[in-house]
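Inspection log for the structure reproduced underneath, given as structure tokens.
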Amino acid sequence: MAKITYIEHTNKKHIVEVPSNMSVMEGAIQNNIPGIDADCGGSMACATCHVYVDKKWFDKLKKKNEGEEDMLDMVCQPNKFSRLSCQLIVSNELDGLILRMPSKQG
Amino acid sequence: MISTDVLIVGAGPAALFTVQQLGLLGLKAEVVDNLDKVGGQCSELYPDKPIYDIPAIPECTGETLIKNLMKQIEPFNTNFHLNERVDQLVKEGTKWKITTNRKKVFITPSVIIAGGVGSFEPRKFPLKEAEKFEDSGVFYSIRDKKYFDNKKICIFGGGDSALDWSIELSKNSKVVLVHRRSEFRGTSKNVETIKRFEKDGKIQIKTPYQINSIEGDDKITSITIKDDEGKIKKIDTDYILGFFGLVMKLGPIAEWGLNLDKKHITVSTENFQTDKEGIFAIGDICTYPGKIKLILSSFHEGALAARGCFELARPNEKYRHEFTTTSKIIHERLGKKKS
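Protein chains in written order, with my numbering: chain C, 2 to 107; chain V, 50 to 388.
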């Protein structure tokens with residue numbers, strides 16, 4: 002279980018508890034948090050669950066694999082803190098994680 | 050109101066071959082597609098790109114494939130309703146009533162959905178000016194490469210579309226390739242070629258950069274690009290091309306009450322019927338255990354769906370499998386003289 006803060010591009014905050022082993026994307030979808038579309042449902046095929054991970058958190062996350070890096074080529078306005086939230090698996094270690102959503106997904 | 054044996058949603062290769070299979074069985078199809086031309090992704094996304102996995106055709110472009118499929122269905126005088134999107138699909142008695150966005154109405158016992166990835170559109174540059182210059186200075190696909198001859202072009206993207214076009218257009222134009230990171234995800238052959246072209250001065254590569262602004266009044270004069278640290282560079286250019294893949298938009302299909310699995314329609318592999326009798330789905334839009342998104346697979350799916358449609362269109366006739374080599378009735382349908 003981890004408490005995760007999702008911040009919309011308008012700065013609206015959503016703080017929710019997400020069970021371990023669920024993805025950060027699923028945490029947003031199940032709590033109806035806008036800003037993460039996840040068209041493909043987590044198969045890393047659509048790049049519509051793009052988030053910017055808070056600087057302090059970025060290095061604590063598991064590194065992205067090549068497939069995720071490839072998909073990030075397709076998102077709107079990626080930066081060096083860009084991740085696909087479907088690839089971030091929740092664990093107790095992620096308690097306090099902060100993410101920002103881009104103004105648009107694809 | 051148009052009454053027909055089968056209505057096909059989509060006019061890509063899956064749909065076109067299915068028209069032929071239906072025609073051989075003596076069934077008449079009407080075809081609706083919201084693009085302005087037949088061919089689906091073959092015409093829209095890769096008309097000039099060679100395809101290598103069509104049986105017995107070692108190599109042909111998307112455009113040629115569609116031309117040949119159209120030739121193959123010539124005998125059936127099919128009506129194409131282009132620039133039209135199927136909006137509604139409702140059951141009326143034993144038949145289906147289909148309404149398009151232009152209020153055209155079809156009545157048919159069978160509908161074959163061959164809608165590819167739904168209505169698809171390219172991912173676009175996230176800038177207001179990109180909208181303003183779209184189709185005059187900003188492009189997301191290329192229909193006629195001559196348009197770009199002797200011009201200054203900036204190409205964005207890191208996949209094969211970006212690399213293919215950078216290589217191709219650099220023959221007659223000045224190309225700058227811009228990508229958000231230094232690795233390209235294209236084939237190693239393309240990546241090698243592009244690096245060699247850069248070394249030989251045939252092409253310029255700028256990484257890791259993204260678009261920052263587009264300048265120009267009536268037409269584009271220059272753009273600026275920005276790296277991760279916010280460092281900005283200006284590039285003089287006439288055109289910019291973006292290859293960031295496509296976004297799938299399922300559109301109205303999602304509202305027809307069909308069983309969906311991640312934007313794909315689930316079907317039975319016996320006849321490619323959906324969970325609703327008389328509604329079939331073939332090609333990229335359908336899914337079933339083992340599904341592969343190949344043009345080849347869609348031909349098979351269409352052939353079996355056509356037989357499913359036959360039962361609904363001709364409930365009192367017995368389906369007989371016949372071969373095109375020997376069947377007289379098929380030869381008549383194809384307009385071939387008896388030999």
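In this text, a Cβ means the ideal position worked out from N, Cα and C, and glycines have one as well.
Note that the structure is predicted; figures quoted are calculated from it, not measured.
When V:Tyr368, V:His130, V:Ile147 and V:Thr323 are compared, the shortest CA-CA separation from V:Asp136 is found for V:Ile147.
Look at V:Asp277: its C-beta is under 7 Å from a C-beta on chain C. Residues of the stretch 65 to 84 of chain C that bring their beta carbon within less than 7 Å of a beta carbon in chain V comprise Asp71, Asp74, Met75, Cys77, Gln78, Pro79, Asn80 and Lys81, in sequence order.
If you ignore the 5 residues before and after C:Glu69, its C-beta comes within less than 6 Å of the C-beta of Leu85 and Gln88, all in its own chain and listed in chain order. Per the C-alpha coordinates, the member of C:Glu18, C:Asp71 and C:Asn66 positioned closest to C:Asp96 is C:Glu18. Residue-level contact check: V:Arg134 does not touch chain C, since none of the beta carbons of chain C fall below 7 Å from its beta carbon.
Under the Cβ criterion of 7 Å, V:Phe182 is not counted among the residues facing chain C. Taken in chain order, the complete beta strand (DSSP E) segments of 3 residues or longer contained in the stretch 121 to 145 of chain V are 128 to 130 and 135 to 141.
Neighbours of C:Lys105 across chain V, judged by C-beta separation under 7 Å: Pro175.
If you check the CB distance, V:Thr127 and V:Val55 do not come in under 7 Å. Burial is judged here by how many other beta carbons sit within 10 angstroms of a residue's own beta carbon; V:Leu76 has at least 16 and is buried. Our two residues, V:Gln259 and V:Glu247, have alpha carbons roughly 19 Å apart in a direct line. Close partners of V:Gly208 in chain C (Cβ separation under 9 Å): Asp71, Asp74 and Met75.
Contact check for V:Phe292 against V:Ala179 fails: the beta carbons are separated by 7 Å or more. In this chain, the alpha helix (DSSP H) harbouring V:His349 covers Ile344 to Ala362.
Check the Cα spacing between V:Tyr101 and each of V:Leu383, V:Leu343 and V:His370: the tightest is with V:Leu343. Taking 7 Å as the cut-off, the Cβ atoms of V:Ser347 and V:Ala60 do not count as close.
Unbroken alpha helix (DSSP H) stretches of 4 residues or longer found wholly inside the stretch 23 to 87 of chain C: 25 to 31, 56 to 59 and 67 to 73, given in chain order. Boundaries for V:Ala60: no alpha helix (DSSP H) harbours it, and the DSSP string shows neither H nor E there.
Between the stretch 182 to 189 of chain V and the stretch 261 to 274 of chain V there are three or more inter-stretch CB-CB distances shorter than 8 Å, so the stretches are counted as touching. The stretch 300 to 311 of chain V and the stretch 161 to 180 of chain V touch, with three or more beta-carbon pairs separated by less than 8 Å.
It is roughly 9 Å from the alpha-carbon of V:Ser219 to the alpha-carbon of V:Asp198. Closest in C-alpha terms to V:Ile115, from the list V:Pro124, V:Asp97 and V:His130, comes V:Asp97.
Proximity of V:Gly294 to chain C, defined by a Cβ-Cβ separation below 7 Å, is satisfied.
When DSSP reads this structure, V:Thr157 sits in a beta bridge with V:Trp145. Within chain C, the residues placing a beta-carbon under 8 Å from that of V:Gln259 are Gln78 and Pro79, ordered along the chain. The three-state secondary structure of C:Pro20, taken from DSSP, is coil.
Per DSSP, the beta-bridge partners of V:His313 are V:Asp310. Of the candidates V:Gly208, V:Thr242 and V:Asn320, V:Gly208 places its Cα closest to the Cα of V:Val227.
Shown here, V:Phe246 sits in a helix according to DSSP, grouped into three states.
For the pair C:Met102 and C:His10, the CB atoms are nearer than the 7 Å cut-off. Put simply, the stretch 333 to 343 of chain V does not touch the stretch 357 to 375 of chain V. Fewer than three CB pairs are less than 8 Å apart. Look at V:Ala211 here: in three-state DSSP terms it is helix. Within the DSSP secondary-structure output, V:Cys335 pairs in a beta bridge with V:Ile314.
Rounded to whole angstroms, the gap between the alpha carbons of V:Thr315 and V:Lys385 is 38 Å.
Among the bridge pairs identified by DSSP, V:Glu170 is matched with V:Val296.
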